[in-house]
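Take a look at the structure below.
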Amino acid sequence: MLTLVKLIQSLFKALNSEGTPGQVAAGIALGSIFGLTPLLSLHNLLMLGVIFVFSVSIPGAIIGSLVFAPVGFALDPVFDALGGYLLLDVSVLSPVWHTIYGTPVIPLTSFNNTVLLGSVVAWFALVWPIYFAARYGVRRYRETIYERIQRTKAYHFVKASKAYNVYRMFRP
Amino acid sequence: MITAKQLFRWKAIVPLTMLLLLIGVVWVLLLDRLVERSIESYGTTVVGARVDLESADVRVREGVVVLRGLQVTNPDKPMTNLIQADEIVADVAMRPLLEKKLVVDTMAFRGVRFGTARETSGAVDPPSETSRELRAMIDQWAGLLQNPALQFSGLASAVDIDAVSPDSLRSLQLARGTTARADSLRAAWEAQLAALDPRDDIDTARALVSQLRNFNPLRLGPTGVANLISNSRSTLNGLGSVRSSLAAMDTTTRAGMTQLRGSLDQIATAQGADLAYARGLLQLPTLDSPSLSTSVFGDAVVQWFKPVMYWTQVVERFVPPGLNPRRHPGAKRARREGTDVSFPGGSPYPRFLLRHGEVDVVIGGEGAAAGAYAALVQGLTTDPAVYGAPTVVRVGREGAATGPRSLRASAILDHVNAPSSDTLSFAGTGLGLPTFELPMVNGRLILGQGTAQLDLARSGNRMAASVGWTANAVTWQRIGAEAQPTQDRTIGSRAWAEALLWDAVSGLRSVQIDVAFEGTLSDPRMTIRSNVGDAIAGALRAAIGQEIQRAEQRLQEEVTRLVSGEVVRAVSAVQALGADVAERVGIPLEQVERVEAELREELRKLGRLP
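Chains as they are written, first to last, in this note's numbering: chain X, 168 to 339; chain A, 139 to 748.
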């Protein structure tokens, strides 16, 4: 277990040497797609590549996916209704669905599933609000909470322990 | 300004590639299991009972899928498999897979067996929504075909004429209603006729016609001539108005009379129904052979036919005609499954298509079914409108192990356009036939081996089917205790009825049962003809024919007595009204038309009309 933690930690250290609030917020916003939409989907594989290749915070993406996973579960009925509406009730979109249904590879994304389509559309609508809110939150965290935590005895104690290494994984 | 170095994480390319490779390897390793679970899951949804697969072997490069150990549970018998196949080899087209469509060019089944026992129950708990819905529909259909049991209790007691209440006789109510309506129409028409009385207009017109015929301008003078012509024109206009009103009334009264005559026809029909209803109240058994056959075999036959109905509905539900978007339950996952919507018109490939399938079945042993069979399936698909041709299934027996036997079966499922239609035909000799539990005769009919035939044609929501069984060495078994000699065996008692029916049928060694279903799910009809019904009818006629005839005659007399007076009144009221209407509307109308024509003619002679 510890080896796995260290492996992940070293991977993050190597990949995330710098972490501005914007990068962390971008990581959270992009990572939220893993929580909001059904995880085992082709679009999430694509998003994984984007997160890896672009210099956004990977710990941020993990936080985003963890925070938004329960939100995704809770909003599934809304996604279901939204996807159903888009797929069946919006006649303007009907030719689009018919065309891409017969286009190679695209049907493998399961775009024609009501929950998946609804959640992806919702994520597109939410990605910028999530980004700005996260950027504001990270800034406030670093200016206030993180400064105060650094001055506590518990912080110094934890910092000296291995647990701090784990914590650093999630620090920007 | 952000540079490319800052924007991209070049160091991640290698780990990312490795991760993608890892995912690819895991996917390939799990592909077999994925296919296996997909088939099990979708199959279970369609069948309504468990579909198990031992293993799936997907050879992507060869485009071949090998399925082993397929077991499809019979939804009506969860401990029995509908079909079991040792190995299925499918030659899959690769291009459609990129569109998530499964097009199988050829498929071969090996080691196919039917009706094999299962080690564990294949029931699905809870059953899928579709399965529940379809079963509820079929149960409702079966409920509509429930047959009244044969009634003998009425024979035990004297015919109770008082049981026939006049209020429950529909013909009586109809007759009363018809009389009342005739009276009401008469009153309304009389009021209209009184207001419209044309006699004065006719007399005035006749007088003017006479004056015009004897017209002498010298004697009348210029003023008299002008007055005569003016009066004639004014009367002509008045006659036109009266004629229009009479003609309108004539049309109304004719329509009213047509309705009343229709009511008389309804009364005649209702009288027959009333007699049948009254007969039912007295609980007398019918002596009609088809009715007896339906009473004896109805429930058992409906139970036997339920799976056929279930499968026709499954086909209709999962293979709808047309190109409209379709909804299917999404794949099972931790999150909500949602609904998968398919758009058949958007792709040249159906979601699933089996172009050509061959099944070779060899049933060993010396039994009736032993032999080699070959089945051919063509164009089995979920989207017939995309494939553009019906599904064809043919089954034949290639060689029999014992005796001259034959079997042929074919099905054509044409769901290309709405309304969809299915035809199914099956005939075989030397087959194991069903066993029927017949509580009415307190016995079990084991048909044993014989000839079976099934023909079914469904178009839209209408269905017609015929089923026939012929067996020449049947066995009868008691299913309850035989009536004791000490039991009450008076006419109409249960023991008497059971003994009578058992004696009538248990000696039969050859049995023929012909069943016909028709109608819709919500309005089904079933007719059964059988020599068993004939035998029971014969026995009943011999034993109680005279009692039944006497009881029926008394009943008919009573119903006629209750109804006839009112029916005669209704018929008289309608006939009198008809005659009255002809006299009071038809004749005046004729007179008005005649005098109007005469007046017009005289005026024309004077040159005052074109």
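Backbone N, C-alpha and C define an ideal beta-carbon position, used for all residues, glycine too.
Asked, Found
"Burial state of A:Ile129 (16 or more Cβ within 10 Å)", "The structure shown does not extend to residue 129 of chain A, since chain A spans only 139 to 748, so no value can be given for it."
"Beta-carbon neighbours of A:Gly483, restricted to chain X and to distances below 7 Å", "His265"
"Beta-carbon gap between A:Val497 and A:Phe247 smaller than 7 Å", "yes"
"Chain X contact for A:Asp521 (CB, 7 Å cutoff)", "no"
"Counterpart residues of A:Asp426 in DSSP-defined beta bridges", "None; A:Asp426 has no bridge partner."
"Contact with chain X by A:Glu237, beta-carbon distance below 7 Å", "yes"
"Beta carbon proximity, A:Arg473 to chain X, threshold 7 Å", "yes"
"Interface residues of chain X facing A:Gly468 [CB-CB closer than 7 Å]", "Asn280, Val282"
"The stretch 210-244 of chain X: positions lying closer than 8 Å to chain D by Cβ", "Note that chain D does not occur in the displayed structure, where the protein chains are X and A."
"The stretch 396-409 of chain A contacting the stretch 312-329 of chain A, beta-carbon criterion three pairs below 8 Å", "yes"
"N- and C-terminal bounds of the beta strand (DSSP E) containing A:Pro467", "464-467"
"Residue interval of the beta strand (DSSP E) (run including A:Trp607)", "600-609"
"Backbone secondary structure at A:Thr520 - three-state DSSP", "coil"
"Pairwise C-alpha distance: A:Asp437 and A:Gly566", "24 Å"
"Endpoints, the beta strand (DSSP E) within which A:Asp224 is located", "215-230"
"Spatial neighbours of X:Val223 in its chain, beta-carbon cut-off 7 Å, leaving aside the 5 residues before and after", "Gln190, Ala193, Gly194, Leu197"
"Selected residue, minimal CA-CA separation from A:Ser401, among A:Gly724, A:Val166, A:Gln311", "A:Gln311"
"Option in A:Val515, A:Pro459, A:Ala714 with minimal Cα separation from A:Ser559", "A:Pro459"
"Per DSSP, cross-strand counterpart(s) of A:Arg582", "A:Glu575, A:Gln615"
"Beta carbon proximity, X:Tyr268 to chain A, threshold 7 Å", "yes"
"Closest Cα partner of A:Lys743 within the set A:Asn352, A:Ile686, A:Asp243", "A:Asn352"
"Residue of A:Ser485, A:Ser433, A:Leu592, A:Phe443 minimising C-alpha distance to X:Val272", "A:Ser485"
"Contact belief for A:Pro662 with A:Leu413 at Cβ below 8 Å, rounded distance in angstroms", "Contact doesn't hold; Cβ gap of about 25 Å is too wide."
"Residue span of the beta strand (DSSP E) that contains A:Leu638, given as start and end", "Segment 632-643 is the alpha helix (DSSP H) holding A:Leu638; no beta strand (DSSP E) there."
"For A:Gln404, the nearest candidate out of A:Ala343, A:Ser710, A:Ala711, A:Val705 (CA to CA)", "A:Val705"
"Buried versus exposed, by CB contacts within 10 Å (16 or more), A:Phe435", "buried"
"A:His494 - DSSP class collapsed to helix/strand/coil", "strand"
"Where A:Val457 falls: helix, strand or coil (DSSP)", "coil"
"CB-CB length for A:Phe456 against A:Val184, believed under 8 Å", "6 Å"
"Heavy atom of the ligand HEM within 6 Å of A:Gly410 beta-carbon", "Ligands are entirely absent from the displayed structure, and the ligand HEM is therefore not among its contents."
"Contact under 7 Å by Cβ, A:Pro336 with A:Val719", "no"
"Validate contact between the stretch 266-281 of chain X and the stretch 220-236 of chain X using beta carbons, cut 8 Å, 3 pairs", "no"
"Spatially closest choice to X:Asp256 from A:Arg535, A:Arg471, A:Arg465, A:Arg532, by CA coordinates", "A:Arg465"
"Interface flag, X:Val272 vs chain A, CB-CB below 7 Å", "yes"
"Euclidean distance between Cα positions of A:Arg489 and A:Gly483", "11 Å"
"Exposure label - A:Thr389; buried when at least 16 CB within 10 Å", "exposed"
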